[in-house]
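Here the sequence shown is numbered in our numbering, starting from 23 and rising by one per residue. Each residue gets a CB set at the ideal place from its N, CA and C atoms; glycine is no exception. Because the structure is a prediction, the values reported are computed rather than measured.
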Amino acid sequence: VNTNLTLAINSAASIGCCVTNVGPTDIQEQRKHIILGLIWQLIRKCIVDSVTLAKHGELAALLRDGETLDDLSKLKPEELLMRWVNFQLERAGCNRRMKNFNDDIHDSEIYSYLMNQISPDHMKKSMITKDETMGKGDLKLRANDIWSNANTMDCGSLITPEAIFMAKDPKERNDNLHLGFVATLFNMYPAMDPPAEPVDLTAYEETLEEKTYRNWMNSLGVTPYVNHLYTGLQDGLVLLQLLEMIHPNSVNWKIANNTFDVKKVLYQKTSNCNLFVDSARKQGIKLVNISGNDIFEENKKLVLGTCFSLMQAYLYTLLKKVRKGSDTFKADEKEILNWTNQMLAQADEPEPPLANFRDKRLLTSWPICAVVNSIVPGTACKDQMSSDNFQNAVYSLSCARKAGAKVYALPEHIVNMDGKMIMTIFVCLMIEYHTRQAIINGDQVAATGF
């Protein structure tokens, strides 16, 4: 059970769920708030975060005057869903507009018009009409109608009548439930026509690198949640939070701008980015040819380089903290490779050393499994390997996470022979190895890591 929960938690982290201070024991002890929080994050990943322009070209119809597709692509899923609701309300002839996921929906009017507008004709015969619902003065009866219609549409699993008519109550409301419900309605019944002319959306698709860094940041619990990498980092606040996690007390928060004045917003955001660059360099983090203005202007190449430098610094700092004799230990690629080859030599079936982290033998992913087995014997089984390198990569990463390593790399990184991301896999395994050694030696300070 413990290893299954470890795999689940570390896999959740790899897709961007915040699992700081969440361990297998928390779930085994049925700590309600932790379990519900993790479940909501998984639900959000499944049905909310998929609402993007790149995945739903029909959302181009939601463009407002003066906006571009680039502007639309940077909106949060919540904002896109709200626009979609209001788009459908306008088509339905409803004067109401949705501005939030609580007060605006407590009287059931918006839901009634929305569901009537988007439901297929063959379902409408079995549904309660909006006129019938809105003719009832009792909000509880209206909410019951909405719930009944939601079940008819096979999308009522996240909602209850109480959640609707009590949505205005600060103590009882749950915005997440309504966000999830609206996302479910959109995913099942978008009721939008495809663009009249073909729209090239490839420019708005998230790259593998962008997804990896965004997931890593979100797994650490930064606020606000990063939906779009470049826009999410533009004001410097998330970067400052990450730097503070890596090097506590390295950020002078007294001069950071946590809120923004409309008249000074450009200056304030750029100032935050400059503060990050200066503070990071003082801590020895390598930031090449980048200024705060480059971050603010969303220079993709330079921002991606900065993200990797931060991720590397984070992993190296954690490695130094859990490694015995850290005062003399220098975390770098050479040390990681030496340790990896030592672990390969200690495997039950010793493996030849790797030349580097682009060694062609890594294509099979077995060297990763061999290191995992050196840490936790029997975790990976060679019989599970196949001729499909991608499936082998999936398996090896699952084994690493099952062993306890919080690995952020993806299978594509392995099959594409991305050396720097492959190296992070072994750094994470090295962290897990030394954490286990610290526990064996009774060094609880080192074992706790961050």
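Query	Result
Is it true that the CB of Tyr-235 sits closer than 9 Å to the CB of Ser-95?	no
When you compare only the Cα positions, how much space is there between Ala-469 and Gln-459?	For Ala-469, the predicted model reports a pLDDT of 49, less than 50, meaning its position is unreliable; a value from the coordinates is still stated below. Cα to Cα, the separation comes out at about 8 Å.
Under 8 Å, with one C-beta from each stretch per pair, do the region 207-223 and the region 64-81 reach the 3-pair mark?	yes
Express the C-alpha separation of Ala-335 and Val-248 in angstroms, rounding to a whole number.	20 Å
The alpha helix (DSSP H) spanning Asp-458 covers which residue range?	According to the sequence as given, residue 458 is Arg; it is not Asp. 441-462 is the extent of the alpha helix (DSSP H) around Arg-458.
Assuming Ser-130 contacts Thr-151 (C-beta within less than 8 Å), just tell me the rounded distance between them.	Their Cβ separation, rounded to whole angstroms, is 13 Å, which puts Ser-130 and Thr-151 out of contact at 8 Å.
What alpha helix (DSSP H) runs, 4 residues minimum, are completely inside the region 107-181?	131-140, 143-146, 152-156, 161-174
Under three-state DSSP, which class holds Thr-74?	coil
I need the straight-line Cα distance from Val-416 to Asp-381, nearest angstrom please.	18 Å
Are there three or more Cβ pairs, one per stretch, closer than 8 Å when the region 127-141 is compared with the region 165-175?	yes
Which full runs of the alpha helix (DSSP H) of 4+ residues lie inside the region 40-101, going along the chain?	46-50, 54-65, 91-95
Under DSSP, the alpha helix (DSSP H) around Gly-327 begins and ends at which residues?	322-344
Look up Lys-276 in the DSSP assignment and say whether it is helix, strand or coil.	coil
Assuming Met-210 contacts Leu-242 (C-beta within less than 8 Å), just tell me the rounded distance between them.	With 8 Å as the limit, Met-210 and Leu-242 do not qualify as a contact, their Cβ atoms being about 33 Å apart.
Between Ser-72, Pro-372, Tyr-338, which lies nearest to Ile-358 when the distance is taken from Cα to Cα?	Tyr-338
Under the three-state reduction of DSSP, which class applies to Pro-433: helix, strand or coil?	helix
DSSP three-state call for Leu-309: helix, strand or coil?	coil
Is it buried or exposed, His-456, if we count other Cβ atoms within 10 angstroms and call 16 or more buried?	buried
Taking the alpha helix (DSSP H) that Asp-300 falls in, what are its first and last residues?	287-304
In angstroms, rounded to a whole number, what distance separates the CA positions of Glu-51 and Arg-303?	43 Å
Counting C-beta neighbours from all protein chains within 10 Å, is the total for Pro-192 16 or more, i.e. buried, or is it exposed?	exposed
Using only alpha-carbon positions, find the residue among Leu-91, Val-244, Met-333 that is nearest to Val-221.	Leu-91
Residues in its own chain within less than 8 Å of Asp-125 by CB, not counting five upstream and five downstream?	Ala-189, Lys-190
Given a cut-off of 9 Å on the beta-carbon distance, is the pair Leu-262 and Phe-298 in contact?	yes
At the level of alpha carbons, what is the spacing between Leu-75 and Leu-223?	8 Å
Since Ile-358 is in the alpha helix (DSSP H), which residue starts that stretch and which ends it?	355-367
Give the range of the alpha helix (DSSP H) segment to which Asp-316 is assigned.	314-318
What separation, rounded to the nearest whole angstrom, lies between the Cα atoms of Leu-199 and Leu-230?	30 Å
Three or more C-beta pairs under 8 Å: does that hold for the region 306-313 against the region 324-331?	yes
Could you tell me which of Val-273, Leu-259, Thr-292 sits nearest to Asn-280, measuring between CA atoms?	Leu-259
Starting from the Cα of Lys-67, find the closest Cα among Leu-58, Phe-123, Ile-37, Ser-293 and give me that residue.	Ile-37
So what does DSSP say about Leu-223, is it helix, strand or coil?	coil
Tell me where the alpha helix (DSSP H) around Glu-228 begins and ends.	No alpha helix (DSSP H) holds Glu-228; DSSP gives it neither H nor E.
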